[in-house]
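Note sheet for the following structure.
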Amino acid sequence: MTIEIMAIIPEIVLVCSGFLVLMLSVFMGKGFDRVAAPVSVAGLVASAVTIFIFNVGHLGSFFNMSFIVDKYSIFFRLFTIITAIIIVGLSSYYINGSIIMKRNTGEFYFLILIVTTGTMLMSAVGDLIMLFISLELVSMPTYILAGYAKTNEKSNEASLKYFILGVLASALLVYGFSLIYGATGSISLVGIAGAIASGNLLAGNYLIITGIIMAMIGFGFKIALAPFHFWAPDTYEGSPTIITTLITTIAKLAAFAGFIRFLYVGLNGFGKSLWIVLFIVVLSLLSMILGNLMALPQKNFKRLMAYSSIAHGGYIMIAFAAATTGAQWAVFIYLMAYILMNLGAFAVAMLVERGRDSEEIAAFAGLGQSNPFISICMIIFLISMVGIPPFAGFLGKLFVFKTGIENNFTWLVIIAVITSVISLYYYANVIRQMYFTKYEGERSKLKVKTPVVYLAIISFCAVATILMVIIPFVFVGISQGAVVAATGIQ
Amino acid sequence: MGFNILTLITFIPIVGVLTLTVYPKRAEKSTKYIALVTSLITLGLAVYLWVIFDPSVAGMQFEEKYQWISNVNIYYYLGVDGISMPMVFLTALLTVLGVLVSWNIKDKPKAFFALLLLLEVGMVGVFLSLDFILFYVFWELVLLPMYFLIGIWGSSNRLYAAIKFFIYTLLGSVLMLVGILMIYFNSGLQTFDMLELINNGMGRSLQNWIFFLMFMGFAIKVPMFPFHTWLPDAHTEAPTAGSVILAGVLLKMGAYGFIRISLPILPEATRAWAPVIAILAVIGIIYGALACLVQKDLKRLIAFSSVSHMGFVMLGIASLTPTSVNGAVLQMFNHGCITGMLFLLVGMVYERTHTRMIVDMGGFANKVPLLSGILAFTAFASLGLPGLSGFWGEFLVLFGTYNVNTVFSKVMVYIAVVGIVLGAAYLLWMLQRVIFGNYNDKLGDMKKITWIEFVTLAPLVILIVLVGVYPTPLINMINNSVVLILGM
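Following this line, the structure appears as structure tokens:
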């Protein structure tokens, strides 16, 4: 029993530091703003340290198979923590730069830490109930955070839309889970896999397939895959940019982490069933085409990123359709690359937003002249998103396409590469603004202020984006080890 | 070998790029010296490589192979043979000239030279890499610097030209990537090693599909006839150094891809597709030449002449005989020198007159005799005057194609010869309008040729004459590798 508790000490530490932040905000008054981010980061670091102390070397499953500590969850949780540290690092300057945002900051950091906890749990789930709870632990705080700019109408709209569609998704998800439970008589993922393997299913395959597809619709909502993406553009645009960053990174990571567990552990052996593959292929196809085409006319940077993230989800789905071990670490590599470049791009966007009071793509005008360093980094992030080497996005696409072709989805890959050429156009639009267009606003706003934290984070993301291609064996090794651990397949 | 010379040649320019990026903005004027030194070191190494290169060996030399991504068999694998050697040299040389011709650039020189050197890394890398993924990485590395060179330093319609170039060529290369991945899985070898893949066991119909995908990548780059529309825009709008490198090296990457990848790895498909390529090539020759006749813009005229001349390269490749492929490689080298030089000259003319319109020109022979003389010389080289280098490439291509001795190949040669005649027509007519006739006084006084300009042009003049008079060593070097690749 004592050992069981030790397995989730990292999460406990994180929740505690969340409450600590909340308490401090109540009792410290004005001085709180200075300590909020450092305390949160300290909590995250402590959580990472406890992963090394209590999890590494103590692999196994805990709490009646509902919480699994393996390389996969360790890797995922560490990666989540790094992402969270970056987001907290970006928060302080962004929040303090706006009157609307700058209140109840204690709650803000508290909620971010809770989202992080949810994502960490998600990667370690062993049964459907844990999966659902973790997903809600990620979703609920994000609904609140999306409406964090309380007096901003768009932020309210974002929050409400996200909430209503998110709850609908959760309902579908949990209904799907109940059907799966009904068909297999088990809620643990391993148990479900066992029932599928033995062929001992209630009502044959129909019940479970219905359940799986409903659950996948739920995941599709959370990941924002077409045609379940309708909330994404409005929510991305309306939310405060720091929360948009959170939604595209940590919340997405959570959905994918759960999806991988669900599909490859729970449905092990079922993942290649025709209906499921077909469903994933349709999701992938629609996401790639709609995401990229709808991004073309966008003028708002965050809306653009919303459609771009839908498209990226579509690319990742190719690997899910392939459903092999190789495909899974392709997903990993892609996710790592995607999150690094997304964090970087949003960091630059937040600087521009603060410096020039606009979220439009046009606000990037002349940035290449006024802030050469962050503009070069922005080019790296954008080009990496197109998938042009030598940047991380290329590695992700390479592996995803490779598994696609390996499993006879060549036609899907061809559509993927053509749509990624289309994506070049809208990413290059941002580059065009930065380098080929003159800034026509007030002169005082020409040079964008760049705090040291931002510079550090942006350089970190840029360097990592390049290193992923130059020394890929490190990243590939990590993700391969993690996948082998999660599925037990060599 | 005590050191990895190929890695050095490829990545020395990166050192220059990094130096330039950290270079203080105050001293921006001296960035050109850094660029010049870096590109000269690269050129020196390329010359040294040529000296120690053994032309009698047909296969790869100075190979370097290190594991890059182990579990999918991706290697860092470089090597040079008789086909890539001239291309590497050409790249290094044209980069130096590109730096020289941009000597007086005022607008953001630091970024300009950094991009130029970055471009060099990509181009040299393409010619040296023997691993598909590495090849692809370098292939794509070229796009971004060129996009910025056109987009920032280009002329009036630059934004359109830049994005058109970028999207068009990216479309080709991603299709090529799909082809590469298909080869990886269907060859049964699970490797990206180009040399190993020569012995693949792919069936004919599969080869045909893969060939089509690779064809898109290469044909857009060359560019072959229906895919050429990005070229006139990009060439015309690019700054002089950009045009020189575009015409001199970038177009060769496509043809090089055909020779290095399509011929040995997809031999059956190549044979099946060869007539199509030949027809497109010949259409390109005639169409390019006809388009030249109606151009009003001098730079656009030379851009279209590239379409025509690259048609000969593709015809040579499509004929699949050693002689014709030798001619194609030689033509690649010569076209790089000659068209590169034409673009240099147009750039110099534009700097003096600030117009590219042929109508506004005329009578240059009296005002700037030396410049006009060199222009005439280059035009003659371009139209294939015997004794200058342009002759040999076209001659070998036509000779080799004719020797295939089928009705089809003969018809191709007859049409291509018409292309040569048309080539003479548009070049001579251009000369007549530009250097003879009455001088347009609105242009003001024209500066005599400066010593930097002279230094820029001299190496190419020497090369054109040298190869024109005595092409044997070059042909021998190319021939050994070509024979090996054709498997004859």
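Here the protein sequences line up with chains A and B, keeping their order.
Using this note's numbering, the first residue of the first sequence is number -7, and each one after it goes up by one.
Using this note's numbering, the first residue of the second sequence is number 3, and each one after it goes up by one.
Beta carbons: idealized from backbone N, C-alpha and C, even for Gly.
Exercise. Quick one: what does DSSP say W211/B is sitting in, helix, strand or coil?
Worked result: On the second sequence, position 209 is the one that residue 211/B refers to. Three-state DSSP puts W211/B in a helix.
Exercise. With a cut-off of 7 Å, does the C-beta of E142/B fall near any C-beta of chain A?
Worked result: Position 140 of the second sequence holds residue 142/B. At least one chain A Cβ lies under 7 Å of E142/B.
For this session: May I ask you to report which of helix, strand or coil DSSP gives W105/B?
Result: For the purposes of this step, residue 105/B is taken as the residue at position 103 of the second sequence. It is coil, neither helix nor strand.
Problem set entry | Alpha carbon of G364/B to alpha carbon of L433/B, nearest angstrom | Numbered from 1 along the second sequence, position 362 holds the residue referred to as residue 364/B. Numbered from 1 along the second sequence, position 431 holds the residue referred to as residue 433/B. Between G364/B and L433/B, the C-alpha separation is close to 9 Å.
Problem set entry | Where M297/A sits in the DSSP three-state scheme | Residue mapping note: residue 297/A aligns to position 305 of the first sequence, counting from 1. The answer is helix: DSSP assigns M297/A an H, G or I state.
Problem set entry | Extent of the continuous alpha helix (DSSP H) run through S367/A | Walking along the first sequence from the start, residue 367/A turns up at place 375. Per DSSP, the continuous alpha helix (DSSP H) segment holding S367/A begins and ends at P364 to V378.
Problem set entry | C-beta neighbour in chain A for M184/B, strict 7 Å | The residue given as residue 184/B occupies position 182 in the second sequence. Chain A, which has a Cβ nearer than 7 Å to the Cβ of M184/B, makes this yes.
For this session: Check the Cβ of A420/A against every Cβ in chain B and list those closer than 7 Å, keeping chain order.
Result: On the first sequence, residue 420/A is found 428 positions in, with the first residue counted as 1. Near A420/A (Cβ distances below 7 Å), the residues of chain B are I165 and F168.
For this session: Starting from the beta carbon of S412/A, find every residue of chain B whose beta carbon is closer than 9 Å, and list them in chain order.
Result: As a first step, residue 412/A is located in the first sequence; it is residue number 420 there, counting from the start. Residues of chain B passing the Cβ test: L172 and V176.
Exercise. What three-state label does DSSP hand S58/B in the structure shown?
Worked result: What you label residue 58/B is simply residue 56 of the second sequence in a count that begins at 1. In the structure shown, S58/B sits in coil (DSSP, three-state: anything other than H, G, I, E or B).
Exercise. For M3/B, does the three-state DSSP call read helix, strand or coil?
Worked result: As a first step, residue 3/B must be located in the second sequence, where it is residue number 1. Note that M3/B has pLDDT 47, beneath the 50 cutoff, so the model's placement of it is unreliable and the number below is only indicative. Here M3/B sits in coil by DSSP.
Exercise. Which term fits K298/B, buried or exposed, when burial requires 16 or more other beta carbons within 10 angstroms of its beta carbon?
Worked result: Residue 298/B sits at position 296 when you count from the first residue of the second sequence. The residue in question, K298/B, is exposed, as its Cβ has fewer than 16 Cβ neighbours within 10 Å.
Exercise. Is the region 371 to 389 of chain B in contact with the region 316 to 333 of chain B, if contact means three or more CB pairs nearer than 8 Å?
Worked result: no
Problem set entry | F54/A, DSSP secondary structure in three states | Residue mapping note: residue 54/A aligns to position 62 of the first sequence, counting from 1. F54/A falls in the strand class under three-state DSSP.
Problem set entry | M216/B versus G196/A: straight-line alpha-carbon distance, rounded | Here residue 216/B refers to the residue found at position 214 when the second sequence is read from its first residue. Here residue 196/A refers to the residue found at position 204 when the first sequence is read from its first residue. C-alpha separation (whole angstroms): 46 Å.
Exercise. Mind pulling the alpha helix (DSSP H) runs of 4 or more residues that sit fully within the region 192 to 257 of chain B?
Worked result: 206 to 223, 232 to 239 and 242 to 247
For this session: On the DSSP bridge assignment, give the partners of E66/B in chain order.
Result: The sequence position of residue 66/B within the second sequence is 64, counting from 1. In the DSSP output, where bridge partners are listed per residue, E66/B has L80/B.
Exercise. F452/A and M460/A: beta carbons closer than 7 Å?
Worked result: Position 460 of the first sequence holds residue 452/A. Position 468 of the first sequence holds residue 460/A. Cβ distance not < 7 Å, so F452/A and M460/A don't count as in contact.
Exercise. Which residues, in order along the region 460 to 472 of chain A, keep a beta-carbon less than 8 Å from a beta-carbon of chain B?
Worked result: Answer set for the region 460 to 472 of chain A: V461, P464, F465, V468 and Q472.
Problem set entry | Positions along the region 358 to 392 of chain B whose CB lies within less than 7 Å of some CB in chain A | Hits within the stretch: zero.
Problem set entry | Residues of the region 359 to 385 of chain A with Cβ closer than 7 Å to any Cβ of chain B, in chain order | I375, I380, P381 and P382
Problem set entry | Helix, strand or coil at D299/B [DSSP, three-state] | For the purposes of this step, residue 299/B is identified with residue 297 of the second sequence, where counting begins at 1. Shown here, D299/B sits in a strand according to DSSP, grouped into three states.
Exercise. Whose C-beta lies closer than 6 Å to the C-beta of M114/A among residues of the same chain, with five residues either side of it excluded?
Worked result: Within the first sequence, the letter at position 122 stands for residue 114/A. Listed in chain order, the non-local C-beta contacts of M114/A below 6 Å within the same chain comprise S126, A246, A249 and G250, local neighbours out to five positions each way being set aside.
For this session: Using a threshold of 7 Å, state whether the C-beta atoms of Y149/B and F168/B are closer than that.
Result: On the second sequence, residue 149/B is found 147 positions in, with the first residue counted as 1. On the second sequence, residue 168/B is found 166 positions in, with the first residue counted as 1. Yes, Cβ-Cβ distance for Y149/B and F168/B is below 7 Å.
Problem set entry | contact_flag[the region 29 to 42 of chain B, the region 72 to 80 of chain B] where n(CB pairs < 8 Å) is 3 or more | no
For this session: Please confirm whether A383/B and I466/B have their CB atoms less than 7 Å apart.
Result: Start at 1 with the first residue of the second sequence, and residue 383/B comes out as number 381. Start at 1 with the first residue of the second sequence, and residue 466/B comes out as number 464. Taking 7 Å as the cut-off, the Cβ atoms of A383/B and I466/B count as close.
Problem set entry | Neighbouring residues, chain A, relative to V24/B (Cβ below 9 Å) | One-based indexing of the second sequence puts residue 24/B at position 22. Result: empty, since nearest Cβ-Cβ is about 11 Å, beyond 9 Å.
Exercise. Hey, is the region 141 to 156 of chain A in contact with the region 104 to 121 of chain A, meaning 3+ C-beta pairs nearer than 8 Å?
Worked result: no
For this session: Measure the beta-carbon distance from G84/B to P57/B and round it to whole angstroms, keeping in mind my assumption that it falls under 8 Å.
Result: Within the second sequence, the letter at position 82 stands for residue 84/B. Within the second sequence, the letter at position 55 stands for residue 57/B. Their Cβ separation, rounded to whole angstroms, is 6 Å, which keeps G84/B and P57/B in contact under 8 Å.
Exercise. Should the region 308 to 327 of chain B be called in touch with the region 220 to 235 of chain B, which here means at least 3 C-beta pairs below 8 Å?
Worked result: yes
Problem set entry | Segment contact flag, the region 16 to 35 of chain B with the region 49 to 67 of chain B, C-beta cutoff 8 Å, min 3 pairs | no
For this session: Give every residue of the same chain whose Cβ lies closer than 7 Å to the Cβ of F383/A, excluding the five residues on either side of it in the sequence, and list them in chain order.
Result: As a first step, residue 383/A must be located in the first sequence, where it is residue number 391. Excluding residues within five positions, the ones whose Cβ falls inside 7 Å are I372, I375, S376, T457, I458 and V461.
Exercise. Should Y198/A go down as buried or exposed, given a rule of 16 or more other Cβ atoms within 10 Å for buried?
Worked result: Residue 198/A sits at position 206 when you count from the first residue of the first sequence. Exposed.
Exercise. In chain A, which residues lie with their C-beta within 8 Å of the C-beta of F150/B?
Worked result: Mapped onto the second sequence, residue 150/B falls at position 148. Within chain A, the residues near F150/B are Y427.
Problem set entry | Selection of the region 388 to 400 of chain A by Cβ proximity to chain B, strictly under 9 Å | K389, L390, F391, F393, K394, G396, I397 and E398
For this session: Could you say if the region 229 to 246 of chain A and the region 79 to 89 of chain A meet the contact criterion of at least three C-beta pairs nearer than 8 Å?
Result: yes
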